[in-house]
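Since the structure comes first, as structure tokens, the remarks are kept for the end.
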DNA sequence: CGATCATATAACCCACGGGTTATGGGTTAA
DNA sequence: TTAACCCATAACCCGTGGGTTATATGATCG
């Protein structure tokens, strides 16, 4: 059995929780948001949100920038690389995905 | 906050555990294996392996086929689709991945 | 300066997950 | 048919993770 790099572990663990995935998705969509803004509509308390953000941060998936009394968090999509690499490695899936790839390349050419 | 399809939840939860990822990886590499074979070198007991396999199975990631007194499990790489879809949606990462794609297509043409 | 806001941390609770041993049911071998 | 084997399930233990409330710290507003 192979030992996975600690990074990958942290990322998988971070995404195991749906609330954390939702936070990450929201940060991907809406850009930089404060903890307060993220707490709105999250159905959990502010400390809970802060803890989730800490987990995402320790996995390198988000960054927090202090601005005065508030902290704006933003997503770090490049941190998904270990995930995509892992998937690329362990799925014959690509073969099928490649079917629609010609079209994709054509669209990129335009 | 969006509600994720239950499938995705199950897959992420299943992969949260490194032992389960290792089992899945091994089944991807080595094809169909018995529980006994998977237990060898897994550093955990056979019941533990069985439980992990049950989790992977409930996520659709592996299938078990009973053959006499043994059960051979095999990976179901297509079940990774929800993961790749999610990643494709939430990563600007693909743009970079596409760089090496021309070569890949050429190789497939041969 | 005093009050309020924004956030992180502490302290705590409880459910769940991953491990174990024990066991039962089904299958092959002797 | 008796014994050994393969596997799943049951029953249990315990650490951890996600939730809460309370609080400390720092920044802004009046």
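Residue numbers (the numbering used here), protein chains in the order written: chain A, 51 to 160; chain B, 51 to 160. Quick reminder that beta carbons are idealized off the backbone N, C-alpha and C, glycines included. Predicted model, so just to flag it, every value in this text is computed and none were measured.
Limits of the unbroken alpha helix (DSSP H) element including residue i
i                     : result
residue 75 of chain B : 68-80
residue 92 of chain B : Looking at the DSSP string, residue 92 of chain B is not in any alpha helix (DSSP H), and its letter there is neither H nor E.
Cβ-based burial, residue i [other Cβ within 10 Å; buried from 16]
i                      : result
residue 102 of chain A : buried
residue 70 of chain A  : buried
residue 109 of chain A : buried
residue 116 of chain B : exposed
residue 72 of chain A  : buried
residue 127 of chain B : buried
residue 76 of chain A  : buried
Unbroken beta strand (DSSP E) run spanning residue i, endpoints
i                      : result
residue 129 of chain B : That residue, residue 129 of chain B, is in no beta strand (DSSP E); it is neither H nor E in DSSP.
residue 114 of chain B : 112-117
is_contact[residue i, chain A] using C-beta, thresh 8 Å
i                      : result
residue 164 of chain B : Beyond the ends of chain B as shown, which are 51 and 160, falls residue 164 of chain B; an answer cannot be given.
residue 120 of chain B : no
residue 97 of chain B  : no
residue 75 of chain B  : yes
residue 106 of chain B : no
Any C-beta of chain B under 8 Å from that of residue i
i                      : result
residue 140 of chain A : yes
residue 59 of chain A  : yes
residue 63 of chain A  : yes
residue 137 of chain A : yes
residue 126 of chain A : no
residue 109 of chain A : no
Opposing strand residues paired with residue i [DSSP bridges]
i                     : result
residue 83 of chain B : B:123
Problem - Touching by the beta-carbon criterion (3+ pairs, under 8 Å), the segment 120-133 of chain A and the segment 56-72 of chain A - result: yes
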